[in-house]
Structure formats: structure tokens, C-alpha cells
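To start, the structure under review is shown below, and the notes come after it.
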Amino acid sequence: MKMRHVRTLVEEDRAHPGRVAKQYRERITAFNSRINAFITVLDGEQPTRAPDIRRGALAGLPIAHKDIFVTRDVRTTCGSRMLEGFVPPYDAGVVERLADAGCVLLGKTNMDEFAMGSSNETSYFGPVSNPWDPERVPGGSSGGSAAAVAAGLVPVATGTDTGGSIRQPAALCGVTGLKPTYGRISRYGMIAFASSLDQAGILARSAEDVAWVLRAMAGHDPRDSTSVDRPVPDYVVALTQGIRGRRIGVLENCFDRGLDPEVGERIRNALGVMERLGAKLCDIRLPHLALSVPAYYVLAPAECSSNLARYDGVRFGHRAQDARDLTDLYRRSRSEGFGVEVKRRILIGTYVLSHGYYDAYYLKAQRVRRLIREDFLRAFETVDLLAGPTTPTP
8 MKMRHVRTLV EEDRAHPGRV AKQYRERITA FNSRINAFIT VLDGEQPTRA
58 PDIRRGALAG LPIAHKDIFV TRDVRTTCGS RMLEGFVPPY DAGVVERLAD
108 AGCVLLGKTN MDEFAMGSSN ETSYFGPVSN PWDPERVPGG SSGGSAAAVA
158 AGLVPVATGT DTGGSIRQPA ALCGVTGLKP TYGRISRYGM IAFASSLDQA
208 GILARSAEDV AWVLRAMAGH DPRDSTSVDR PVPDYVVALT QGIRGRRIGV
258 LENCFDRGLD PEVGERIRNA LGVMERLGAK LCDIRLPHLA LSVPAYYVLA
308 PAECSSNLAR YDGVRFGHRA QDARDLTDLY RRSRSEGFGV EVKRRILIGT
358 YVLSHGYYDA YYLKAQRVRR LIREDFLRAF ETVDLLAGPT TPTP
């Protein structure tokens, strides 16, 4: 069911919000074992988070949060053994805003450990299956949120996107996913992977549903130093304005090689629909786009190495037993608490930040990142948006 239908039922008093949430919980109970989309499911006795579920722009809307957003008195694991028993004492900014809008929290969705992965196979709590074909992956790292929405276990779910972690699983699960502009949504209480790249976002059944939720989530948060203090547009109204006269830049780089023919055909069909609706298609080539993945795999692990240094077995997180001394406690707690992929990225990040390699790798990647940014800025001087495939394969 689309979010709009849920809202209509609640607003017209044709369904009590508690009853709507109960129906979704029953569906989660019946189907989650097949796809493993949820790590934690809240029962009806636990707090809904909403101060009044009959009020607010999203009154009575059932929602699931990716298990990277801290939730007061509800376990937050980040898909890792390291945080298996962590129960936060406060809510993330995203959780607060959506609760204030009237959303009812149903649970926390599965994810790649610490958001590091693109298949949702690195979670300590087991892999997530694609609801369209359980033998296939849902994408990651927000695969649990994408699978939950695609399977109808929840009408909308939050996610995070560092290097495609909302957009890619949305594409693979056939739902709508949005990574908003960096700074538009608060990162307060969102467990960090790579701070300069991480951004909260939304997965839902339609662009309209995403617009409603984005309007509630967006806005300045003084607790997040990267939060942008700018007015929040009415995204729902903007959907009715059409695209006639808009200039759409078609990313030629994305059609050069490695693109599955079926995916390419679908993208061109979609571009044709946009053209028939009045948009003008323009070919665009970004000179440094091919360097984005190499730059990402230097910058993201470097930030990961720094951010995950806080998990030492002392303040919070997994703590190894029978350590001989403090150094042994650090080593064993981190060895036991982190999975293979997380360890790999920590090692890469530590390497590129080390003496003798910082200039050769990290600073060079920062310069490349700046060149890529400049390519995009130049492109947006001539077009309104850029279009291309989310993933090269189905």
C-alpha cells in the first residue's frame, strides 16, 4: 500500500493508526523470516515514538528506520556484533522529526555492517534476500529498508547513502530511493561511516511518498555542524509542476561500456518518456567521472578508519573477555566485534593516512574529488538535472 492511501485512511477516520500498524506488524511476522529485512521488530507494547499518532503531516504512518539511526531505548546495532547489545539513550534527529510528524516506528531494518557493502551480505545478523527473488541480493547497504518496502512490510523506510547505499538497493528492489543533498537532513544520531559522504535519505513506493517524508525530515539541526540552514521547499507541490522546458543532461560516460543492454534500453525508454513530456535531452560528458570510484575507495576508508577508532571495548560496544592487558583488550574487542569487510576498510584507511602515503593517496584523492565536483558544477550551468543508470546490471 502506498503511503498516500495509509494517510487517507487515517485522516478520514476509516482506520485507527494503531490498527494500521498492527496489520503491518502481522505482515512482518508472516514474511520477514523469508527475507530477513528487519533486525529488531517493535511489538505493540513498545513506544511508538509519535507524541500523537493522529496529528502531524504523516499521522499514523508506519515506518522503519535503518539500524544506523540511534533510537532511544531500542537496540541499535549498525548490523555489527560490535553494537549487538547497544541501547542508545537518545533519538537521532531523523527519528525525532518523523515521530513529531506522526510516524509510528515498527522496527529497525537490516543493513551491511556499519553501512559498508553493496549487497547486504555483510550484516552480523545474516544476509537480506531480494523479495522479488530470494536467491538474489537486494543491494546495500540499505538493503533491509529497500526489501521491507518492496515486500510491503512497511510503506516507507529510512536509509543512508555514502556511495550509493540508498539508490542502488532501491534500483535492485524496484522502489524509489532518494539521497538528498548533503546537509539537507540532519546527521545527528546517525552512526558515522564516512562523515563527508554520509547522508540520510528515504525509500518508498513512489516519488510522491518520498516527497511527503522528505518534507518532514528536512531542515536545519543545530546539533549537526554540517546541517544547512536554508528554507525547506514544498517537495509535494513541486511534483505537480511538470518537466516541460527542463534540460536533462544524459551522462554519456555511463553508456560507454559495461552497461547491460537491457538496462540501457530501459533507461533510454525512460528518457524518451521525459522527452515526450516536454523535457529537452542534452548529451553531457563529465571528464573525471571515471575517477570517482578510485577516489571513493581512498576517502571513505580513510574516514572509516578514523570514525571506527572509537569502538575499543572500553566505553561501549563489544568487550572481549579475559584480556591480558589494555592493549590486548583493544585488539581482541575489535577483532571479535568487526566483520571481515569492516576490518578490510579500516586497514585500507589506516594505510592511506599513514606517514609516507598520506600525500600520495589521501591528498591526491581529495584533489580528484574537487575535480569531479567542478565537473558537476559546470554541467549544472547548462542543464537542470543529470540522468543515467543507477547500476550497470539488473
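Taking this note's numbering, I'd label the letters of the sequence shown as residues 8 to 401.
Positions of the beta carbon are idealized from the N, C-alpha and C atoms, including for glycine.
None of the values given here were measured: they were computed from a predicted structure.
Residue pairing for Cys289: DSSP places it in a beta bridge opposite Gly256. Setting aside the 5 residues that flank it on each side, Leu90 is surrounded in the same chain by Thr83, Thr84, Gly324, each with a C-beta closer than 7 Å to its C-beta; the list follows chain order.
Burial of Gly151 is indicated by the presence of at least 16 other C-beta atoms within 10 angstroms of its C-beta. The C-alpha of Gly363 lies about 35 Å from the C-alpha of Tyr131. The beta-carbon distance between Leu49 and Arg14, rounded to whole angstroms, is 21 Å. This is too long to meet the 8 Å contact definition.
When DSSP reads this structure, Ala199 sits in no beta bridge, so it has no partner. Taking a contact to require three or more Cβ pairs closer than 8 Å, the region 157 to 175 and the region 192 to 212 qualify as touching.
Beta-bridge analysis with DSSP links Thr167 to Ala207.
Burial is judged here by how many other beta carbons sit within 10 angstroms of a residue's own beta carbon; Val347 has fewer than 16 and is exposed. The continuous stretches of beta strand (DSSP E) do not include Val244, which lies in the alpha helix (DSSP H) extending over residues 242 to 245. Nearest neighbour of Leu179 by Cα position, chosen from Ala154, Asp80, Ser87, Cys311, turns out to be Ala154. Under a 10 Å Cβ-count criterion, Ala66 is classified as buried, with 16 or more other Cβ atoms of the shown protein chains found around its own Cβ. In the same chain as Leu354, and ignoring 5 residues on each side of it, no C-beta atom comes closer than 6 Å to its own.
Between Ala64 and Trp219, the C-beta gap is smaller than 9 Å, which places the two residues in contact. In the DSSP assignment, Thr47 falls within the unbroken beta strand (DSSP E) covering 45 to 48. Taking the CA atoms as reference points, Ala386 sits about 23 Å from Gly184. In the pairwise beta carbon analysis, the region 281 to 294 is classified as touching the region 242 to 255: at least three pairs are separated by under 8 Å.
Closest in C-alpha terms to Ser299, from the list Ala199, Lys371, Val111, Leu246, comes Lys371. Within the DSSP secondary-structure output, Val81 pairs in a beta bridge with Thr78.
Between the region 299 to 312 and the region 370 to 384 there are three or more inter-stretch CB-CB distances shorter than 8 Å, so the stretches are counted as touching. Taking all protein chains shown into account, His12 has fewer than 16 neighbouring C-beta atoms within 10 Å of its C-beta and is therefore exposed. When rounded, the separation of the alpha-carbon atoms in Phe45 and Ala157 is 13 Å. With the rule of 3 Cβ pairs closer than 8 Å, the region 332 to 344 counts as touching the region 313 to 322. Secondary structure note for Pro24: its alpha helix (DSSP H) is the uninterrupted segment 24 to 42. With fewer than 16 other Cβ atoms from the protein chains shown falling within 10 Å of its own Cβ, Glu33 counts as exposed. Separation of Lys115 and Asp74 (C-alpha to C-alpha, rounded to the nearest whole angstrom) is 5 Å. The C-alpha of Pro399 is placed about 39 Å away from the C-alpha of Leu16. Between Leu160 and Phe38, the C-beta spacing is below 9 Å. Per DSSP, Thr334 is one residue of the alpha helix (DSSP H) stretching across 333 to 344. As for any alpha helix (DSSP H) of minimum length 4 sitting wholly inside the region 124 to 186, the runs are 150 to 157, 174 to 180, ordered along the chain. Cα atoms of Ala297 and Ser234: separation of roughly 29 Å, rounded to the nearest angstrom. Rounded to the nearest whole angstrom, the C-alpha separation of Val182 and Ala71 is 15 Å. For His72, the secondary structure class from DSSP, reduced to helix, strand or coil, is strand. In the three-state scheme derived from DSSP, where H, G and I count as helix and E and B as strand, Thr357 is classed as helix. Membership of Lys115 in the beta strand (DSSP E) is indicated by the continuous run 111 to 116.
If the five residues before and after Asp228 are omitted, its C-beta is found closer than 6 Å to the C-beta atoms of Gly100, Ser193, Tyr195, Ser234, all from its own chain and listed in chain order.
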